[in-house]
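Q:
2 protein chains.
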Amino acid sequence: MISRPPRPRERGIPEATVARLPVYLRALQALEDRGTLTVSSEALASAAGVNSAKLRKDLSHLGSYGTRGVGYEVEYLVYQISRELGLTQDWSVAIVGIGNLGRALANYGGFGTRGFRIASLLDADSGVVGQSVAGLRVGHIDSLEEAVRDNGVSIGVIATPAGSAQHVANRFVEVGVASILNFAPVVLDVPDGVDVRKVDLSIELQILAFHAQRRADGDGRAPADRTGLELT
Amino acid sequence: MISRPPRPRERGIPEATVARLPVYLRALQALEDRGTLTVSSEALASAAGVNSAKLRKDLSHLGSYGTRGVGYEVEYLVYQISRELGLTQDWSVAIVGIGNLGRALANYGGFGTRGFRIASLLDADSGVVGQSVAGLRVGHIDSLEEAVRDNGVSIGVIATPAGSAQHVANRFVEVGVASILNFAPVVLDVPDGVDVRKVDLSIELQILAFHAQRRADGDGRAPADRTGLELT
DNA sequence: CCCACTTTGTGCGTGGTTTCACAAGCACGT
DNA sequence: ACGTGCTTGTGAAACCACGCACAAAGTGGG
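Chains L and B are the protein sequences, given in the same order.
Going by numbering that gives the first Met the number 0, the first sequence opens with residue 0, and the numbers climb by one from there.
Going by numbering that gives the first Met the number 0, the second sequence opens with residue 0, and the numbers climb by one from there.
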């Protein structure tokens, strides 16, 4: 009885679990940096800000990687989650729209922590094209197809104004980029099989405002820490 | 620990609905700009990228604001959603961490579209303090308490490096800021009653990578591609 | 006034997600 | 070898979200 099965999991990890795996991964990497060797579901859950039962169930979808009475081996779990998320291979990313946000993304070191390589920066503004941002020369949007093909780009990031986003998305789709991260405040229309995720700063603010208003209204319950006073 | 299960919602709107209201609102405002007076749930749902039954159910949580046989009056619905989200009042926002991302946020006009006013920019780096960004003078982080009080800030945005985020959050909480939007890649620990939302760029990328990998694996079909032996 | 047509609001079945609670499993000390 | 203590993995229950399908309610034409 030896043999660790190389592919214990079956296809079909719940979407909610997938969304949490990166959080676990980051918490684990912090533990790893601190030299921790093993961690219990309780401790890891607390670091990740979730319920421990949820964490165990999430991990159980990947396989049985824990040891009862002990916990999980940090390094091994890091590897398993990385592999599941596809971070053991490299992904090339193109960013379109090198305004304030695009620049921030290009310079955001956290991206490349593992697996992601920013391969191409593109913009439509001839005043921006040619500039050097994060060590890359900004190319013209017209060369998108070329940039995608030459660099093997498989993930496209849209950081353009709302008006251009759909057009950029269309061109990404046409050259075969099937994963798009959209920062523009529009709903993108893409064919089946293309995966779009949206990050919308003002939507997050609006959700915060909703809850803040509810707190301020005749709530009856003040924030635990403060003395119920709340001015608007 | 925290034992406060009895408070999912008081008289309220499901969380999933709240998260979609801003999307509807944006679609409605686009219609308004185009001069459209009324819209059917079908049309609005399509513009917002959701199912029309879901949209109707979402709106039904706000009240009965539609007219059967006709649809919804755009302007009226804009007002109702705005009110529900708390956008009829003004929210003052402070941004801490004026690096690339903080700068992008400060300049992001979309914020102020309605209801949100960026009242204060703060940073710890003396090379940044004093600079003018988006028409505001960047203040020193030490003046956070003062800035919050003087401007009536009720929403705090954290765009600092990971290492400083928890500290900034603590200070926000201490001066009574109970709504925090966190861009730093850490899980913030805050007392009950404080609302934290997190936007994490690299997590989004990792989720995309997961799906991209799954597409690549079982590309044509999914079934018995590699169903070998499996022992545990 | 009545009828045909349109669109909302919602009851209900279905499926996914969270949480509890506990048996099963492993390590370690005696 | 065996019991003790701890932690995982997972049934089962509760909860929530989604979408179908249809009755209710309004509009407009004849």
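Don't be surprised by glycine CBs; every beta carbon is placed ideally from N, CA and C.
Predicted model only: the values in this text are computed from it and were never measured.
Looking only at its own chain, which residues have a Cβ that is under 8 Å from the Cβ of D194/L, when we skip the five neighbours before and after it?
A: Here residue 194/L refers to the residue found at position 195 when the first sequence is read from its first residue. Cβ within range, chain order: A177, S178, I179.
Q: Any beta-carbon of chain B closer than 7 Å to the one on V128/L?
A: By one-based count along the first sequence, residue 128/L stands at place 129. So no, V128/L is outside the interface.
Q: Whose C-beta lies closer than 8 Å to the C-beta of W90/B among residues of the same chain, with five residues either side of it excluded?
A: Position 91 of the second sequence, counted from the first residue, corresponds to residue 90/B. Excluding sequence neighbours, W90/B sits near G114, F115, R116, S153, I154.
Q: Helix or strand or just coil, what does DSSP make of S125/L?
A: Here residue 125/L refers to the residue found at position 126 of the first sequence. Three-state result, S125/L: coil.
Q: For the beta strand (DSSP E) that contains V95/B, what are its first and last residues?
A: By one-based count along the second sequence, residue 95/B stands at place 96. V95/B -> beta strand (DSSP E) spans 90-95.
Q: Go to G108/B, then tell me how far its alpha helix (DSSP H) extends in each direction, as first and last residue.
A: Along the second sequence, read from residue 1 onward, the residue named residue 108/B stands at position 109. Here G108/B belongs to no alpha helix (DSSP H), and DSSP marks it neither H nor E.
Q: Going straight from the alpha carbon of I206/L to that of A26/L, what length do you get?
A: Locating residue 206/L in the first sequence gives position 207, counting from the first residue. Locating residue 26/L in the first sequence gives position 27, counting from the first residue. The alpha-carbon atoms of I206/L and A26/L are separated by roughly 26 Å.
Q: Taking CB distances under 7 Å as the criterion, tell me whether N99/L reaches chain B.
A: Along the first sequence, read from residue 1 onward, the residue named residue 99/L stands at position 100. Interface residue, yes.
Q: Express the C-alpha separation of L61/L and R8/L in angstroms, rounding to a whole number.
A: Here residue 8/L corresponds to residue number 9 of the first sequence, with the count starting at 1. Here residue 61/L corresponds to residue number 62 of the first sequence, with the count starting at 1. With a pLDDT of 45 at R8/L, under the threshold of 50, the modelled position of this residue cannot be trusted; read the value that follows with caution. About 5 Å.
Q: With distances taken from CA atoms, which of S201/L, I202/L, E203/L, H166/L is nearest L187/L?
A: Locating residue 187/L in the first sequence gives position 188, counting from the first residue. Cα-wise, what sits closest to L187/L is H166/L.
Q: Return helix, strand or coil for A168/L, following the three-state DSSP convention.
A: On the first sequence, position 169 is the one that residue 168/L refers to. The answer is helix: DSSP assigns A168/L an H, G or I state.
Q: Contact criterion: CB-CB distance below 7 Å. Does P7/B meet it with respect to chain L?
A: Here residue 7/B refers to the residue found at position 8 when the second sequence is read from its first residue. Reliability of the predicted coordinates at P7/B is poor, the pLDDT of 31 falling under 50, and no value is obtained from them.
Q: Do E145/B and V174/B have their C-beta atoms closer together than 7 Å?
A: Residue 145/B sits at position 146 when you count from the first residue of the second sequence. Residue 174/B sits at position 175 when you count from the first residue of the second sequence. Not in contact: E145/B and V174/B (Cβ atoms no closer than 7 Å).
Q: Mind checking if Q212/L is an interface residue toward chain B, Cβ cutoff 7 Å exclusive?
A: In the first sequence, the residue the question calls residue 212/L occupies position 213. Taking Cβ atoms only, chain B reaches closer than 7 Å to Q212/L, which makes this a yes.
Q: What residues of chain B sit near L54/L, judged by a beta carbon separation below 7 Å?
A: For the purposes of this step, residue 54/L is taken as the residue at position 55 of the first sequence. Residues of chain B passing the Cβ test: none, with the nearest at roughly 13 Å.
Q: Roughly how many angstroms separate the alpha carbons of E74/L and L58/L, rounded to a whole number?
A: Here the question's residue 74/L lines up with position 75 in the first sequence. Here the question's residue 58/L lines up with position 59 in the first sequence. Approximately 14 Å, taken between the alpha carbons.
Q: Starting from the C-beta of D191/L, find all residues in its chain whose C-beta is less than 8 Å away, skip the five residues before and the five after it, and write them out in chain order.
A: To locate residue 191/L, count along the first sequence from 1; it is residue 192. Cβ within range, chain order: n/a, list empty.
Q: Does any residue of chain L bring its CB to less than 7 Å from the CB of N106/B?
A: The residue you call residue 106/B lines up with position 107 of the second sequence. Output row for N106/B: interface = yes.
Q: Where does G11/L sit, in a helix, a strand or coil, going by DSSP?
A: The count along the first sequence starts at 1 and reaches residue 11/L at position 12. The answer is coil: DSSP assigns G11/L none of H, G, I, E or B.
Q: Kindly list, in the order they appear in chain L, the residues whose Cβ is closer than 7 Å to that of R116/B.
A: Translated into positions along the second sequence, residue 116/B becomes position 117. Going along chain L, no residue has its Cβ under 7 Å from R116/B, so there is no contact; the nearest lies around 11 Å.
Q: For I157/L versus D122/L, is the C-beta spacing smaller than 7 Å?
A: Counted from its first residue, the first sequence places residue 157/L at position 158. Counted from its first residue, the first sequence places residue 122/L at position 123. No, the pair does not count as a contact, with Cβ atoms beyond the cut-off.
Q: With DSSP run on the structure shown, which of helix, strand or coil describes D216/B?
A: Mapped onto the second sequence, residue 216/B falls at position 217. The answer is helix: DSSP assigns D216/B an H, G or I state.
Q: Give a yes or no on whether 7 Å exceeds the smallest Cβ distance from S91/L to chain B.
A: Residue numbering aside, residue 91/L sits at position 92 when the first sequence is read from its first letter. False, the Cβ-Cβ gap to chain B never drops below 7 Å.
Q: Applying a beta-carbon distance threshold of less than 8 Å, which residues of chain B neighbour S178/L?
A: Within the first sequence, numbered from 1, the residue matching residue 178/L stands at position 179. Going along chain B in sequence order, the residues near S178/L (Cβ under 8 Å) are L207, A208, H210, A211.
Q: Distance check for A29/B and F209/L, CA to CA, integer angstroms please.
A: On the first sequence, residue 209/L is found 210 positions in, with the first residue counted as 1. On the second sequence, residue 29/B is found 30 positions in, with the first residue counted as 1. About 21 Å.
Q: How about S40/B and R55/B: do their beta carbons lie closer than 7 Å?
A: Counted from its first residue, the second sequence places residue 40/B at position 41. Counted from its first residue, the second sequence places residue 55/B at position 56. The answer is yes: Cβ separation under 7 Å.
Q: State the CB to CB distance for the pair A161/L and A133/L, rounded to an integer number of angstroms; the pair is presumed to be in contact (CB under 8 Å).
A: Position 162 of the first sequence, counted from the start, is the residue given in the question as residue 161/L. Position 134 of the first sequence, counted from the start, is the residue given in the question as residue 133/L. Contact flag wrong, Cβ pair sits at about 24 Å.
Q: When we look at the beta-carbon of P184/L and count the other beta-carbons within 10 Å, is it buried (16 or more) or exposed?
A: Position 185 of the first sequence, counting from 1, holds the residue named residue 184/L. Classification of P184/L: buried, given that the 10 Å Cβ count is 16 or more.
Q: Examine chain L for any beta-carbon lying closer than 7 Å to the beta-carbon of S153/B, and answer yes or no.
A: Position 154 of the second sequence holds residue 153/B. With 7 Å as the cut-off, S153/B counts as an interface residue toward chain L.
Q: Would A223/L pass as an interface residue toward chain B - the criterion being a Cβ-Cβ separation below 7 Å?
A: Counted from its first residue, the first sequence places residue 223/L at position 224. In this prediction, A223/L scores a pLDDT of 32, lower than 50, which makes its location untrustworthy; the coordinate-derived value is nonetheless stated afterwards. With 7 Å as the cut-off, A223/L counts as an interface residue toward chain B.
Q: So, is the C-beta of I80/L closer than 7 Å to a C-beta in chain B?
A: Indexing the first sequence from 1 puts residue 80/L at position 81. False, the Cβ-Cβ gap to chain B never drops below 7 Å.
Q: Cutting at 7 Å between CB atoms, please list the residues of its own chain near T37/L, excluding the five before and the five after it.
A: Numbered from 1 along the first sequence, position 38 holds the residue referred to as residue 37/L. The residues are V69, G70, Y71, E72, V73.
Q: If you draw a straight line from the alpha carbon of A164/B to that of N181/B, how long is it in whole angstroms?
A: The residue you call residue 164/B lines up with position 165 of the second sequence. The residue you call residue 181/B lines up with position 182 of the second sequence. Those two C-alpha atoms are separated by around 8 Å.
Q: On the premise that V95/B lies in contact with V198/L, defined as a C-beta separation below 8 Å, what is that separation, rounded to the nearest angstrom?
A: Here the question's residue 198/L lines up with position 199 in the first sequence. Here the question's residue 95/B lines up with position 96 in the second sequence. The pair is not a contact, with the Cβ atoms about 20 Å apart (cut-off 8 Å).
Q: Using the three-state DSSP reduction, which class does H60/B fall into: helix, strand or coil?
A: Counting from 1 along the second sequence, the entry for residue 60/B is found at position 61. In this structure, H60/B counts as coil in the three-state DSSP scheme.
Q: Which of helix, strand or coil does DSSP assign to T37/B?
A: Walking along the second sequence from the start, residue 37/B turns up at place 38. Reduced to three states, the DSSP call for T37/B is strand.
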